[in-house]
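Note sheet for the following structure.
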Amino acid sequence: MSATAPAPSTTTLTYREAVRLGLREELLRDEDVFLMGEEIGVFEGSYKVTAGLFREFGPIRVRETPISEEGFVGAGIGAAMMGLRPVVEIMTLNFILVAMDQVVNHAAKIRYMFGGEVGCPLVIRTPNGGGSQLTAQHSQSFEVFFAHTPGMKVVAPSTPADAHGLLKAAIRDDDPILVVENLQSYKVRGEVPNDPDHVVEIGKAAITREGGDITLVAHSFAATRALRVAERLKRDHGVNAEVVDLRSLRPLDVETVSKSIQKTNRALCVDEGWATYGISAEIAARIQRACFDDLDAPIERVGLAEVPMPYAKQLERAAIVNDDKIEAAALSVLGLGPDVFSY
Amino acid sequence: MLLIRIFEEEVERQYKRARIGGYCHLASGQEGATVGAVHSMQDEDLLFSSYRTHGLALAKGVDPDAVMGELFGREGGSAHGRGGSMHLLDFSRGFLGGWGIVAGQLPLAVGAALEISYKDKRAAVMCELGDAATNMGAWHEALNLAAIWDLPIVALVLNNRYGMGTTVEKASGEPELYKRASAFRMHGERVDGQDVEAVLSAADRLLTRAREERKPAVLEVVTYRYRGHSVADAGTAYRTQEEMDEWKKRDPLLIYRQRLLDERRATQAQIDAIQARVEKRVEQAVEAAEASPEPPVSSLSQHLYGDPASREQFSRMSPGSPFGERELVLEGLGR
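First to last, the protein sequences are chains F and L. Throughout the first sequence, residue numbering follows the numbering used here, covering 1 to 343 in sequence. Throughout the second sequence, residue numbering follows the numbering used here, covering 1001 to 1335 in sequence.
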């Protein structure tokens, strides 16, 4: 459940349907909004997110591109500088690397480098994540590269309602935003407000479960896992975990995270990506500054094993962040289980 | 042409006096190519350029005071002191920036052309690139999109024979760069950049075609830079004095001035008057830059984001405080 209060009227949608609804509503609302990406038209999207939109809006508003990320991300940036509101789909986050120069050296720099004289209201949406034997080049979560970059905004919703509301907020925002979706999240179901103006404020985390014993900090599908683990901790160990879904990685809502840890005195950061130099490293650094006197245990982190994703099922299982690993880590932080963090 | 020549000579002087810093790429020798191409543009046409950008900005009508102000790092600069030599911009004049990554501006220019097509405007985009940019992936991807989407854009390749110190022949499988347009079934042609009127006529024809018929093209303009790649490069390690002397005999200003006199389109007195006016204008630009305030340190994080909430948050950011969190977080926690 999202912290976004469900409006009187909601519909149960999958995450995928919620993104599609958000795109459709924004296409209907603003003629300057258009979609661009590989196979988003006739093919209806690699993950079927844009299904039906090409038929409804046609080839100008739903523009199919060749496999040419540097080219069409750059074209999105140029169109955004001219005042259009392009929503560019990258098939998966892995493929954005060939457009990295356009995103980091161009989109993120434009407003500042030109002294505020021109902006870049661009949205790039793309799924991250692994866990389906997609292996090393197709299972990565490096939203941190973009969250590292001033001038960018990065959001990573975990629920259908947030996927809907944050995408719409991103499309209406005046700066370049990476919207990180997730392959596992696409089938998650949840309530989405029946409100074409439902937007979720960028830069605000959500407390998705209240508790007083430990704070689990996560984003994207890891936040969904964290909620599941919190229920398990309650059932099996009588522990009340609080879950903070970051929702936004840049700007980062350090205030909400810190307030939670002020209450629980313990923190575990969960990130589907590699922990080293990762999102969880940033969170830990911020928490120790804001909550130094509150902490009853070291801040700990769970992330992907520090290897490229392997193929064989049991190796993949050993590498990825799963519920068991999060649970063991939480118990370790609570002093209720073996120390899993010794090097 | 004369304004650009004298302006850049002044820039070099000011750089040596350390009033201009950073990278600084001069283009003396390329004025015929620059002015011929840009003066073929209409007001509603848009220009993107590489980092060798002072002349292109001036030719598109960016105020010399704003250009010099930017080079001096002042608030009165075209990017209010945030961009410097490589990142001039004047949106109102259709000058959409000097860009610092080789060929990186071409996908953006294609995007601007896409906007023209999307809104069905009667305008075209010109995107200046150096010869070496044609070896980049962005060149290929962007022109391919321009071709399949029938976008109104002219890729203007200012071939000054060298990418830094590497010759076109050494760097390019097809050194006749205009021929690379054929990879996209796109029109390409080459013109002598030392003849401003030849460039003007070719650029006008291709821009008109782009504007009226939505046909993209590549225009290769062969020219030469007298100075090094940047002010840090003497420009002598990779080319001979004889070569440089030969090119200076075909100086675009010299050729055009002589033609005006020969064809009685101008008198020596008129040319002298232009020279005096331009010198005065450049002096004024230096004075304006000197008079413009330096951006205050308190404005460090201004212009990072556009929306009011982020603007407000970042306006309170002090150096070393990435999200203004001293106010937001510690005060929020009651500390």
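Beta carbons: idealized from backbone N, C-alpha and C, even for Gly.
Query, Result
"Chain L contact for Leu336 of chain F (CB, 8 Å cutoff)", "no"
"Chain F within 8 Å of Glu1294 of chain L, Cβ atoms only", "no"
"Local conformation of Ile96 of chain F per DSSP, three classes", "helix"
"Bridge partners - Asn182 of chain F, DSSP secondary structure assignment", "F:Asn128"
"Below-8 Å beta-carbon distance, Gly1306 of chain L vs any chain F residue", "yes"
"Chain L contacts made by the segment 76–87 of chain F, where a contact means CB separation under 9 Å", "Gly76, Ile77, Gly78, Ala79, Ala80, Met81, Met82, Gly83, Leu84, Pro86"
"Per-residue contacts from Ser68 of chain F into chain L (C-beta, under 7 Å)", "Glu1141, Asn1144, Leu1145"
"Beta-carbon separation (whole angstroms), Lys204 of chain F vs Asp175 of chain F, contact threshold 8 Å", "16 Å between Cβ atoms; not a contact."
"The beta strand (DSSP E) enclosing Val1222 of chain L, as first and last residue numbers", "1217–1222"
"Cross-chain neighbours of Ile60 of chain F in chain L, by beta carbon under 7 Å", "Tyr1118"
"Outcome for Lys1119 of chain L when other beta-carbon atoms lying within 10 angstroms are tallied against a minimum of 16", "exposed"
"Span separating the alpha-carbon of Gly212 of chain F from that of Arg1052 of chain L", "60 Å"
"8 Å Cβ shell around Asp294 of chain F - same chain, five flanking residues per side excluded", "Ile261, Gln262, Asn265"
"Proximity test, Ile202 of chain F beta-carbon vs the ligand MN heavy atom, cut-off 7 Å", "With respect to the ligand MN, the structure offers nothing, as it holds no ligand at all."
"Cα-Cα separation between Lys259 of chain F and Tyr1015 of chain L, rounded to whole angstroms", "52 Å"
"Positions along the segment 1060–1090 of chain L whose CB lies within less than 8 Å of some CB in chain F", "Gly1077, Ser1078, Ala1079, His1080, Gly1081, Arg1082, Gly1083, His1087, Leu1089, Asp1090"
"Whole beta strand (DSSP E) elements within the segment 1034–1080 of chain L, 3-residue minimum", "1046–1049"
"Cβ pair Ala107 of chain F, Leu122 of chain F closer than 8 Å", "yes"
"Anticipated Cβ contact below 8 Å, Ala1123 of chain L with Leu1046 of chain L, distance rounded", "7 Å"
"Residue range of the alpha helix (DSSP H) that includes Met1244 of chain L", "1241–1249"
"8 Å CB neighbourhood of Leu336 of chain F in its chain, flanking five on each side removed", "His237, Val239"
"Inter-residue CB distance, Leu156 of chain F and Gly190 of chain F (contact presumed, cutoff 8 Å)", "The displayed chain sequence assigns Ala, not Leu, to residue 156 of chain F. The pair is not a contact, with the Cβ atoms about 16 Å apart (cut-off 8 Å)."
"Close Cβ partners of Glu1009 of chain L (< 8 Å) along its chain, the five nearest in sequence each way excluded", "Ser1028"
"Inter-residue spacing [alpha-carbon to alpha-carbon] between Ser1049 of chain L and Ser1292 of chain L", "26 Å"
"Residue ranges of each beta strand (DSSP E) within the segment 210–242 of chain F, 3 or longer", "214–218"
"3-residue-minimum beta strand (DSSP E) runs that sit fully inside the segment 74–123 of chain F, ordered along the chain", "85–89"
"Within-8 Å CB hit, Pro1152 of chain L to chain F", "no"
"Per-residue contacts from Arg266 of chain F into chain L (C-beta, under 7 Å)", "What Arg266 of chain F touches in chain L: nothing, since even the nearest Cβ is about 17 Å away."
"Contact check, Val200 of chain F vs Gly165 of chain F, beta carbons under 8 Å", "yes"
"Opening and closing residue of the beta strand (DSSP E) in which Asp1150 of chain L lies", "No beta strand (DSSP E) holds Asp1150 of chain L; DSSP gives it neither H nor E."
"Span separating the alpha-carbon of Lys234 of chain F from that of Ala241 of chain F", "8 Å"
"Contacts that Ala1037 of chain L makes with chain F (C-beta to C-beta distance below 8 Å)", "Correct list: empty, because the minimum Cβ distance to chain F is about 19 Å."
"Which of helix, strand or coil DSSP assigns to Leu315 of chain F", "helix"
"Test: Met309 of chain F CB closer than 8 Å to a CB of chain L", "no"
"N-terminal and C-terminal residue of the beta strand (DSSP E) that Ser248 of chain F is part of", "248–250"
"Near-chain L residues of the segment 109–120 of chain F - C-beta to any C-beta below 7 Å", "Arg111, Tyr112, Met113, Phe114, Gly115, Gly116, Glu117, Val118, Gly119"
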